[in-house]
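Visitor: Before we start, here is the structure in question, set down as structure tokens.
There are 2 protein chains.
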Amino acid sequence: MKRNSRLSLALHSLSHMAREPERLRKSADIAEHAGTNPVVVRRVLGNLRQAGLLVSEAGHSGGWRLARPPHEITLADVYLALDERLAAPQSEEHAHDCSVEHVLFDRVSKVMAEVEQTLIQKLSETTILEIRESAD
Amino acid sequence: MKRNSRLSLALHSLSHMAREPERLRKSADIAEHAGTNPVVVRRVLGNLRQAGLLVSEAGHSGGWRLARPPHEITLADVYLALDERLAAPQSEEHAHDCSVEHVLFDRVSKVMAEVEQTLIQKLSETTILEIRESAD
DNA sequence: AATCGAGTAACTGCTCTGGTTACGGGAGCG
DNA sequence: CGCTCCCGTAACCAGAGCAGTTACTCGATT
Chain A
1 MKRNSRLSLA
11 LHSLSHMARE
21 PERLRKSADI
31 AEHAGTNPVV
41 VRRVLGNLRQ
51 AGLLVSEAGH
61 SGGWRLARPP
71 HEITLADVYL
81 ALDERLAAPQ
91 SEEHAHDCSV
101 EHVLFDRVSK
111 VMAEVEQTLI
121 QKLSETTILE
131 IRESAD
Chain B
137 MKRNSRLSLA
147 LHSLSHMARE
157 PERLRKSADI
167 AEHAGTNPVV
177 VRRVLGNLRQ
187 AGLLVSEAGH
197 SGGWRLARPP
207 HEITLADVYL
217 ALDERLAAPQ
227 SEEHAHDCSV
237 EHVLFDRVSK
247 VMAEVEQTLI
257 QKLSETTILE
267 IRESAD
């Protein structure tokens, strides 16, 4: 299973911003550090802004800043902000005319939902401040 | 996150075969029931054969059959046979010149590995025979 | 020998993703 | 006011993954 790079980019960016929470960062600078493109950064960080994790300021000397102190932002917050469920219950487009398929769907969906909760639980145990501090 | 349909196809096929384990099934029949293509079925079931869950016989009146009794095949066996780890540790292609990235990678990898184990554990609690029996 | 089914390669079309360019709008500065 | 800088987005492109399809070979049964 392949995971896209958005979560990595988001976590990486926020962890860096945890060092100096007050400082405004330009998407171009973040992109350069992460080895990607300013537009990509704005796309990903835009999701975090919608989730209330980041604030962006337009105009001259604008940029991005944490919306909350870094010890109040967990990895789970970032994961949830991106809205990419690892254990997404596959939408059942076609009605399960087959009873085996139906039972299977229910069982697997239940397992995946539980696993998803486990993941969120584990991610919520670490804040981006802790990541930042562990990196010193 | 999107999951491909191979696991669903594999589980569906095996659960049906759990009803009459001795009976040989043609890939064309399985494909028709699953609403897909014989080649696709053979591709997926080929993985299950390599993992020792299925046996295939070539030639006239050949087909597919369970390699073990259905109460000895769990959903985890099927998941593992497909070798598509949900929590695949993303290969770190570029060296983490950044310490934050390194710490982040370690932490996230650890969480993902634990979640993967949780998933396997939960899937191993159900056999394809139980699925088959629940569908009656 | 003829037939049927697995095994497999090759090609296609679709989708997702990331990278890129381009442009509009808002905020500060001279 | 006009210029510049930066975010916000739309649009487009290329690459990867995936499922579907066709076509062929090989092997076993009849």
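Which chain is which? The protein sequence lines are A and B, in order.
Quick note on my numbering: the first sequence kicks off at 1 and runs consecutively.
Quick note on my numbering: the second sequence kicks off at 137 and runs consecutively.
For glycine and all other residues, C-beta sits at the position ideal for the given N, C-alpha and C.
Between A:P38 and A:T127, is the Cβ-Cβ spacing less than 8 Å?
Guide: Within the first sequence, numbered from 1, the residue matching residue 38 of chain A stands at position 38. Within the first sequence, numbered from 1, the residue matching residue 127 of chain A stands at position 127. No, they are not a contact pair.
Visitor: Can you name the residues of chain A whose CB is closer than 7 Å to the CB of B:T254?
Guide: As a working mapping, residue 254 of chain B is identified with position 118 in the second sequence. Within 7 Å Cβ-Cβ: V115, T118.
Visitor: Examine chain B for any beta-carbon lying closer than 8 Å to the beta-carbon of A:S99, and answer yes or no.
Guide: As a position in the first sequence, residue 99 of chain A is number 99, starting the count at 1. At least one chain B Cβ lies under 8 Å of A:S99.
Visitor: Give the DSSP bridge partners of A:R65, in chain order.
Guide: The residue given as residue 65 of chain A occupies position 65 in the first sequence. Answer by DSSP bridge pairing, in chain order: A:V55.
Visitor: Span of the alpha helix (DSSP H) holding B:I267?
Guide: On the second sequence, position 131 is the one that residue 267 of chain B refers to. Segment 264–270, the alpha helix (DSSP H) holding B:I267.
Visitor: Under 8 Å between the Cβ atoms of B:R142 and B:L218?
Guide: Taking the first residue of the second sequence as position 1, residue 142 of chain B is located at position 6. Taking the first residue of the second sequence as position 1, residue 218 of chain B is located at position 82. Yes.
Visitor: Any beta-carbon of chain A closer than 8 Å to the one on B:A271?
Guide: For the purposes of this step, residue 271 of chain B is taken as residue 135 along the second sequence, with counting starting at 1. By this cut-off, B:A271 is an interface position.
Visitor: In the segment 139–153 of chain B, which residues sit with their C-beta less than 9 Å from some C-beta in chain A, listed in chain order?
Guide: Taking 9 Å as the Cβ-Cβ cut-off against chain A, the residues of the segment 139–153 of chain B that qualify are R139, N140, S141, L143, S144, L147, H148, S151, H152.
Visitor: Give me, in chain order, the residues of the same chain whose beta-carbon lies closer than 6 Å to that of A:S13; leave out the 5 immediate sequence neighbours on both sides.
Guide: Within the first sequence, the letter at position 13 stands for residue 13 of chain A. I30.
Visitor: From A:N47 to B:A194, what does the alpha carbon distance come to, in whole angstroms?
Guide: Residue numbering aside, residue 47 of chain A sits at position 47 when the first sequence is read from its first letter. Residue numbering aside, residue 194 of chain B sits at position 58 when the second sequence is read from its first letter. Using only the alpha carbons, I get a separation of about 53 Å.
Visitor: Confirm, please, whether the CB-CB distance from B:L240 to A:I131 is below 8 Å.
Guide: For the purposes of this step, residue 131 of chain A is identified with residue 131 of the first sequence, where counting begins at 1. For the purposes of this step, residue 240 of chain B is identified with residue 104 of the second sequence, where counting begins at 1. Yes. Within cutoff.
Visitor: So what does DSSP say about B:T254, is it helix, strand or coil?
Guide: The residue labelled residue 254 of chain B in the question sits at position 118 within the second sequence. Looking at B:T254 - three-state DSSP - the assignment turns out to be helix.
Visitor: For chain B, check one thing: does any of its Cβ atoms lie closer than 8 Å to the Cβ of A:V41?
Guide: Working through the first sequence from its first residue, we reach residue 41 of chain A at position 41. False, the Cβ-Cβ gap to chain B never drops below 8 Å.
Visitor: Among B:L145, B:L190, B:S151, B:E250, which residue has its Cα nearest to the Cα of B:G171?
Guide: As a first step, residue 171 of chain B must be located in the second sequence, where it is residue number 35. It is B:L145 whose Cα lies nearest to the Cα of B:G171.
Visitor: Using the C-alpha atoms, what's the distance from B:A164 back to A:L123?
Guide: Looking up residue 123 of chain A in the first sequence gives position 123. Looking up residue 164 of chain B in the second sequence gives position 28. Whole-angstrom Cα-Cα distance: 44 Å.
Visitor: Quick check: what's the CA-CA separation for A:V44 versus A:L11?
Guide: Your numbering for residue 44 of chain A matches position 44 in the first sequence. Your numbering for residue 11 of chain A matches position 11 in the first sequence. Roughly 10 Å separates the two Cα atoms.
Visitor: Nearest-angstrom Cα distance between B:N140 and B:V247?
Guide: Position 4 of the second sequence, counted from the first residue, corresponds to residue 140 of chain B. Position 111 of the second sequence, counted from the first residue, corresponds to residue 247 of chain B. B:N140 and B:V247: Cα-Cα distance of roughly 23 Å.
Visitor: The alpha helix (DSSP H) with A:N47 in it runs from where to where?
Guide: Position 47 of the first sequence, counting from 1, holds the residue named residue 47 of chain A. Unbroken alpha helix (DSSP H) run through A:N47: 38–50.
Visitor: Could you check where the alpha helix (DSSP H) with B:E168 kicks off and where it finishes?
Guide: As a first step, residue 168 of chain B must be located in the second sequence, where it is residue number 32. Unbroken alpha helix (DSSP H) run through B:E168: 163–170.
Visitor: With distance defined between alpha-carbon atoms, name the residue in B:W200, B:E208, B:E250, B:V191 nearest to B:R221.
Guide: Against the second sequence, residue 221 of chain B aligns to sequence position 85. Measuring from the Cα of B:R221, the nearest candidate turns out to be B:E250.
Visitor: Take the Cβ of A:S15 as the centre, count every other Cβ of all protein chains shown within 10 Å, and call the residue buried at 16 or more, exposed below.
Guide: On the first sequence, position 15 is the one that residue 15 of chain A refers to. A:S15 should be labelled buried.
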